[in-house]
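Asker: Could you have a look at this structure, given as structure tokens, before my questions?
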């Protein structure tokens, strides 16, 4: 999502907190006071601009704001789950579909994108198609060059063969090789002593590293779909 914290529609947020989450009594006015009547000023050299009232969004940098954002976008998981699986971490959303029929996967995800676009319009949010991407997993070597055609608001999403999600490098064959190699390079740069232990694992080293990484860093549900779509997030 593009500038999600800045685009929160405050009136709708308060309505959802009251009606959907039953937050009432003193708590609701406290939350309202948290982001209401805020303003910003620009300072350049010795000049200070007049105050500019902030009428939408929630303040960034506080503990409460990510919680409010999560509550604000509550409901999008139901929209997406009508067509595919979904995972949400703050303002990063990932959806995936698993089927032996590649065309069926594409159809489900494109329908999910239509639902996400409608949800975003209702909540005055924007899903940034230029920072969204698709990737594809398959053990079928005949499909290694396949690139899914998924669109958002009429814009075809970029396909990336090896991408990252929550700092984990995903690869098409689901071997974790790219992620492990990346971690080894980082460890070498930092002169981490553990790297010498890993490099001395011998012929079974790769298997051992997979055993170390997979159970602890990856949700298994993400590892067996044929088609995976990440949107609202540009991996670094």
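In UniProt numbering, the protein residues as written are 1 to 236. Ideal placement from N, C-alpha and C gives every residue a C-beta, glycine not left out.
Pull up the distance between the alpha-carbon of residue 75 and that of residue 61, whole angstroms please.
Answerer: Near 24 Å, if we compare the C-alpha coordinates of residue 61 and residue 75.
Asker: To the nearest angstrom, how far is it from the Cα of residue 100 to the Cα of residue 138?
Answerer: Computed Cα separation, rounded: 10 Å.
Asker: Could you name each continuous alpha helix (DSSP H) segment of 4 residues or more that falls completely within the UniProt domain "Reverse transcriptase" (1-157), going from the start of the chain to the end?
Answerer: As far as the UniProt domain "Reverse transcriptase" (1-157) is concerned, its whole alpha helix (DSSP H) runs of at least 4 residues are 10-19, 27-35, 64-72, 76-81, 102-122.
Asker: Since I believe residue 124 is in contact with residue 7 (beta carbons under 8 Å), could you give me their beta-carbon distance rounded to a whole number of angstroms?
Answerer: Indeed, because the Cβ distance is near 6 Å, the residues count as touching under 8 Å.
Asker: Going by beta carbon distance, what residues of the same chain come within less than 8 Å of residue 127, once the five residues before and after it are set aside?
Answerer: Excluding residues within five positions, the ones whose Cβ falls inside 8 Å are 1, 2, 116, 117, 120, 152, 153, 231, 232.
Asker: Do residue 12 and residue 71 count as a contact pair if the criterion is CB distance below 8 Å?
Answerer: Contact: no.
Asker: Here's a check: name, in chain order, each residue in its chain whose Cβ is nearer than 8 Å to the Cβ of residue 146, leaving out the five neighbours to either side.
Answerer: The residues are 102, 136, 138.
Asker: Could you give the distance in angstroms between the alpha-carbon of residue 104 and the alpha-carbon of residue 92?
Answerer: Cα to Cα, residue 104 sits roughly 24 Å from residue 92.
Asker: Given a cut-off of 8 Å on the beta-carbon distance, is the pair residue 85 and residue 96 in contact?
Answerer: Contact flag set, yes.
Asker: If you measure between the beta carbons of residue 35 and residue 10, is that distance less than 8 Å?
Answerer: Result yes, Cβ atoms of residue 35 and residue 10 sit closer than 8 Å.
Asker: I need the straight-line Cα distance from residue 26 to residue 20, nearest angstrom please.
Answerer: Rounded to whole angstroms, residue 26 to residue 20 spans 17 Å at the Cα level.
Asker: By the 10 Å Cβ neighbour count, where 16 or more other Cβ atoms means buried, how is residue 4 classified, buried or exposed?
Answerer: Looking at its Cβ environment, which holds 16 or more other Cβ atoms inside 10 Å, residue 4 is buried.
Asker: Taking the continuous beta strand (DSSP E) assigned at residue 164, which residues delimit it?
Answerer: Run containing residue 164: 163-165, per the beta strand (DSSP E) assignment.
Asker: Please check the pair residue 111 and residue 83, which I expect to be a contact at CB under 8 Å, by giving their CB distance rounded to whole angstroms.
Answerer: Confirmed, Cβ separation roughly 5 Å.
Asker: Along the chain, where does the beta strand (DSSP E) containing residue 169 start, and where does it finish?
Answerer: 168-170 is the span of the beta strand (DSSP E), which, as asked, contains residue 169.
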